[in-house]
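> Sequential numbering from 2 applies to the sequence shown in our numbering. Ideal Cβ positions, reconstructed from N, Cα and C, are used throughout, including at glycine. Starting off with a structure, shown below.
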Amino acid sequence: MRVGFVGWRGMVGSVLVQRMLEERDFELIDPVFYSTSSAGGAGPSIGKATGPLLDANDPKAFAGLDAIVTCQGGDWTNAMHPKLRAAGWSGQWIDAASALRMKDDAIIILDPVNRDVIDAARQRGVRDWIGGNCTVSLMMMGLAGLLQRDLVEWMTCMTYQAASGAGAQNMRELLAQMGEAHLAAKALLEAPGSSILDIDREVAGILRDDRFPTEHFGVPLAGSLIPWIDKDLGNGMSREEWKGGAELNKILGRGGVIPPERAARASPQGGERPWGGPAGAQNLPPERPRRALESPRSRSSRSACASARCAATRRRSR
Numbered sequence: 002m003r004v005g006f007v008g009w010r011g012m013v014g015s016v017l018v019q020r021m022l023e024e025r026d027f028e029l030i031d032p033v034f035y036s037t038s039s040a041g042g043a044g045p046s047i048g049k050a051t052g053p054l055l056d057a058n059d060p061k062a063f064a065g066l067d068a069i070v071t072c073q074g075g076d077w078t079n080a081m082h083p084k085l086r087a088a089g090w091s092g093q094w095i096d097a098a099s100a101l102r103m104k105d106d107a108i109i110i111l112d113p114v115n116r117d118v119i120d121a122a123r124q125r126g127v128r129d130w131i132g133g134n135c136t137v138s139l140m141m142m143g144l145a146g147l148l149q150r151d152l153v154e155w156m157t158c159m160t161y162q163a164a165s166g167a168g169a170q171n172m173r174e175l176l177a178q179m180g181e182a183h184l185a186a187k188a189l190l191e192a193p194g195s196s197i198l199d200i201d202r203e204v205a206g207i208l209r210d211d212r213f214p215t216e217h218f219g220v221p222l223a224g225s226l227i228p229w230i231d232k233d234l235g236n237g238m239s240r241e242e243w244k245g246g247a248e249l250n251k252i253l254g255r256g257g258v259i260p261p262e263r264a265a266r267a268s269p270q271g272g273e274r275p276w277g278g279p280a281g282a283q284n285l286p287p288e289r290p291r292r293a294l295e296s297p298r299s300r301s302s303r304s305a306c307a308s309a310r311c312a313a314t315r316r317r318s319r
């Protein structure tokens with residue numbers, strides 16, 4: 002199977018490549034690597050020859066592929082996906098971006114929870130497979146047993162999301178902001194007798210300075226928190242918060258579960274802290290939800306969730 006990889010250098014793509022190396026997945030496929038900016042250069046080191054990088058902006062360069070795995074982002078997806086389909090390319094499209102998530106002919110893949118939906122879609126000939134929002138996916142894996150048995154009517158979710166969710170450039174900017182904040186207070190920090198109020202005043206001042214680096218976040222994140230992620234939908238909700246209900250129900254392949262969500266951007270470099278609380282759809286004896294959460298399939302979902310967190314922690318500690 003010939004599989005093309007786009008966006009493998011970025012935050013998500015580099016994690017994917019590392020995980021595939023650990024699982025020895027590249028031994029099972031014939032990988033082809035692409036670049037939007039350095040076609041002709043060398044691809045990643047994966048233990049086998051892959052040839053020079055191909056041009057990710059040239060639709061003809063994807064001819065003959067059985068599948069495309071892209072972590073390049075929504076703009077590239079919106080530009081290339083319709084061109085390739087219009088040109089007759091009929092392979093499997095596997096995408097980490099949100100651009101196609103809510104399309105009628107796409108499936109959000111979260112196999113510990115919705116494997117039955119995935120299998121049914123394959124039988125129907127679906128060819129677009131999209132990764133879900135990380136907050137929604139973590140929440141659903143933790144409650145898989147209840148959701149699979151349709152025992153949840155509504156739920157609430159709150160999440161503090163790290164800088165990494167906004168992309169590599171935002172992570173760089175956060176580090177630059179931290180450096181500027183430290184530099185502003187450096188002299189006072191090195192003086193044992195300095196007042197903490199004076200230190201705080203210096204830091205607060207640099208955060209408000211017009212020269213403070215905010216090109217990507219728009220506002221300071223270091224020493225602060227951004228209570229809004231993504232676009233304003235005009236109804237008091239951000240697009241990030243809307244995803245909670247919209248994606249959850251699409252993953253399940255049905256409607257009815259309403260999870261109001263509140264999402265804020267916090268200053269850690271990686272990871273996030275979601276919290277979700279479900280309410281039962283009907284008057285149930287306490288034993289039934291407990292049995293659902295303790296079922297082998299539900300335990301497997303939580304184990305997959307924990308394994309993903311541990312793998313991410315190992316990568317960050319290297």
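From A307 to I119, what distance separates their C-alpha atoms?
The predicted model places A307 with a pLDDT of 49, which falls under 50 and marks its position as unreliable, so this point remains unresolved.
> Just confirm the distance between the C-beta atoms of A164 and M12, as a whole number of angstroms; I'd bet it's less than 8 Å.
Contact flag wrong, Cβ pair sits at about 10 Å.
> Classify R319: buried if its beta carbon has 16 or more other beta carbons within 10 angstroms, exposed otherwise.
Any reading at R319 must be qualified, since the residue scores a pLDDT of 41, below 50, and its modelled position is unreliable; no value is offered.
> Which residue wins for smallest C-alpha separation from N115, given the options A87, G89 and L147?
Closest by alpha carbon: L147.
> In three-state terms, what does DSSP make of E216?
Looking at E216 - three-state DSSP - the assignment turns out to be coil, as it is neither helix nor strand.
> Count the other CB atoms within 10 Å of the CB of E28; is the residue buried (16 or more) or exposed (fewer)?
Looking at its Cβ environment, which holds fewer than 16 other Cβ atoms inside 10 Å, E28 is exposed.
> DSSP state of S239, grouped into three classes?
Reduced to three states, the DSSP call for S239 is strand.
> Mind checking whether Q73 and G8 have CB atoms under 8 Å apart?
Against a cut-off of 8 Å, the Cβ pair of G8 and Q73 comes out as a contact.
> Which residue comes first and which comes last in the alpha helix (DSSP H) that contains I339?
Given that the chain is displayed from residue 2 to residue 319, the structure contains no residue 339 and the question cannot be resolved.
> Ends of the beta strand (DSSP E) at W160?
Looking at the sequence shown, residue 160 is not Trp but Thr. Unbroken beta strand (DSSP E) run through T160: V153 to Q162.
> Taking DSSP's pairing of strands, which residues face W130 in a bridge?
W130 is bridged to I95 and I108.
> In terms of DSSP beta bridges, what is G55 paired with?
According to the sequence shown, residue 55 is Leu rather than Gly. For L55, which the question treats as bridged, DSSP gives the partners Y35.
> Could you spell out where the alpha helix (DSSP H) holding G75 opens and where it closes?
Where G75 is concerned, the enclosing alpha helix (DSSP H) stretches over G75 to A87.
> Looking only at DSSP bridge pairs, what is F6 linked to?
According to DSSP, F6 bridges with F34 and V70.
> Could you work out which residue in I131, I69, R255 and M179 is closest to L222 when comparing CA atoms only?
Per the Cα distances, M179.
> Taking all protein chains shown into account, do 16 or more other C-beta atoms lie within 10 angstroms of the C-beta of P83, making it buried, or fewer, making it exposed?
Counting Cβ neighbours within 10 Å, P83 comes out exposed, since fewer than 16 surround it.
> Give the C-beta separation of E181 and E216 to the nearest angstrom, bearing in mind that I take them to be a contact with Cβ-Cβ under 8 Å.
Not confirmed; about 13 Å, so no contact.
> Within this structure, are the beta carbons of V153 and L144 separated by less than 8 Å?
Going by C-beta atoms, V153 is nearer than 8 Å to L144.
> What are the partner residues of I227, as DSSP defines its beta bridges?
For I227, which the question treats as bridged, DSSP gives the partners R266.
> Can you round the beta-carbon distance between R3 and L66 to whole angstroms, since I take them to be within the 8 Å contact cut?
The pair is a contact, with the Cβ atoms about 5 Å apart (cut-off 8 Å).
> Leaving aside the five residues before and after S36 along the sequence, list all residues of the same chain whose C-beta is less than 7 Å from its C-beta, in chain order.
Closer than 7 Å at the Cβ level, and outside the excluded window around S36, lie G42, L54 and A57.
> Mind checking which residues open and close the alpha helix (DSSP H) that includes D199?
It spans I197 to L208 - the alpha helix (DSSP H) in which D199 sits, taken as one unbroken run.
> Select from E203, Q149, K61 and K49 the residue whose C-alpha is nearest the C-alpha of R255.
Answer by Cα proximity: Q149.
> Compute the distance between the beta-carbons of I110 and W90, then report whether it is under 8 Å.
In this structure, W90 does not lie closer than 8 Å to I110 by Cβ.
> Quick one: is K251 buried, meaning 16 or more other Cβ sit within 10 Å of its Cβ, or exposed?
The residue in question, K251, is buried, as its Cβ has 16 or more Cβ neighbours within 10 Å.
> Identify which residue in E295, A267, A264 and L253 has its Cα closest to the Cα of D117.
Comparing Cα positions, the closest option is L253.
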